[in-house]
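*Asks:*
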Amino acid sequence: MNLTSDFLRFVRSRRSIRKFRTDPLLREDLRRIIEAASWAPSASNRQDWEFVIITSHTTKKKMEDIVRTRWKLILDKSETEVIKEELEKYAKHFDWFSQAPVLIVISAKRPEIFLFKLLGEAAEDVAGTEISAAMAAQNLMLAAHASGIGSCCITGPLVAQETLKELLGLGKRRKIVCLVALGYPAEQPEAPLRKPVEKIAKYVE
Ligand SMILES: Cc1cc2nc3c(=O)[nH]c(=O)nc-3n(C[C@H](O)[C@H](O)[C@H](O)COP(=O)(O)O)c2cc1C
């Protein structure tokens, strides 16, 4: 694969997909996609990630209800109409997620307590479990894209982190890093612009 043409074209052509066909995904495809995720780098190769695969409509609906209930509480507490309107707009970014044929909930293990005692706030940065899980998420989405499967990484629903964890039986030591919605695309969104390389990268002597 050639960096300047094939790989870059492939990476650029992945889009966040939020509208899906109803066709189910094959388990063997999902397995391959998770296998690609497992080949992401991770801090000390600890691979402290976990992938919960949800295909059940009932569970997806329960997740949606949990997020809606939590969001309603936040809206009810908002002090001004302007804030409320902004929050309502923001909620549109994740009110669609239960429609995806598959949801993958990616979680990371929180660092051991002794690390917090030793390093304080730096413990999470040093343990790197969340960034490792995020790298796995990117591998997963690119693998899906290579199989013609659309995906979207979503963090909006994490307003209900604790209740979602409870529903999915994830223990106290885990933190949901993101959800990835998967399915065959029913839309072809335009590519959102990227900041030019010259703006986001600099050499420091
Ligand atoms: C960490 C993260 C969180 C995101 N959360 C959401 C979300 O809650 N809802 C949503 O619709 N899209 C979400 N997205 C998708 C972004 O909106 C999308 O990646 C961005 O607009 C660029 O579009 P592209 O992925 O098609 O290049 C998220 C993406 C990332 C990386």
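All residue numbers for the sequence shown refer to the working numbering, where the first residue is 716 and numbers rise by one.
Beta carbons: idealized from backbone N, C-alpha and C, even for Gly.
1) For Trp786, report the span of its beta strand (DSSP E) as first-last.
2) Identify every run of the beta strand (DSSP E) within the segment 840-872, keeping only runs that are complete inside it and at least 3 residues long; order them along the chain.
3) Taking only the alpha-carbon atoms, compute the straight-line gap between Pro739 and Pro816 and give it to the nearest angstrom.
4) Tell me whether Val892 is buried or exposed, calling it buried when 16 or more other Cβ atoms sit within 10 Å of its Cβ.
5) Please report how far the alpha carbon of Glu839 lies from the alpha carbon of Phe831, in whole angstroms.
6) Let me know if His860 comes out buried or exposed under the rule of 16 or more other beta-carbons within 10 Å of its beta-carbon.
7) Please confirm whether any heavy atom of ligand 1 lies closer than 7 Å to the CB of Ser921.
8) Based on Cα-Cα distance, which residue from Met778, Ala806, Asp780 and Ile915 lies nearest to Val790?
9) When DSSP builds the beta bridges, which residues end up paired with Pro900?
10) What span of residues does the beta strand (DSSP E) with Glu765 cover, start to end?
11) Ordered along the chain, which non-local residues of its own chain (more than five positions away) have a Cβ less than 6 Å from that of Arg927?
12) What do you reckon, are the CB atoms on Lys890 and Ala823 nearer than 8 Å?
13) Check whether the segment 719-733 and the segment 898-918 touch, using three or more Cβ-Cβ pairs below 8 Å as the test.
14) Where Gly886 and Pro826 are concerned, what is the direct C-alpha to C-alpha distance, given to the nearest angstrom?
15) Output needed for Pro756: all residues of its chain with C-beta closer than 8 Å, excluding positions within five of it in sequence on either side, in chain order.
16) Tell me, please, whether the CB atom of Asn854 is closer than 8 Å to any CB atom in chain D?
17) Taking Ser728 as part of the alpha helix (DSSP H), name the residues at either end of that continuous run.
*Replies:* Answer, in terms of the structure:
1) Element bounds for Trp786: not the beta strand (DSSP E) but the alpha helix (DSSP H), His772 to Lys792.
2) 865-869
3) 6 Å
4) Residue environment analysis places Val892 among the buried positions, since at least 16 neighbouring C-beta atoms fall within 10 angstroms of its C-beta.
5) 8 Å
6) buried
7) Nothing can be reported for residue 921, as the shown portion of the chain is limited to 716 through 920.
8) It should be pointed out that residue 790 corresponds to Leu in this sequence rather than to Val. Here the closest residue by C-alpha is Ala806.
9) Phe735
10) Trp764 to Ile769
11) No information on residue 927 is available, as it lies outside the stretch 716 to 920 that the chain covers here.
12) Yes.
13) At 8 Å Cβ cutoff, the stretches touch.
14) If you take the alpha carbons of Gly886 and Pro826, they lie about 13 Å apart.
15) Contacts found: Ser847 and Met850.
16) The structure shown has no chain D; it contains just one protein chain.
17) Following the DSSP letters along the chain, one finds Ser728 inside the alpha helix (DSSP H) bounded by residues Leu723 to Ser728.
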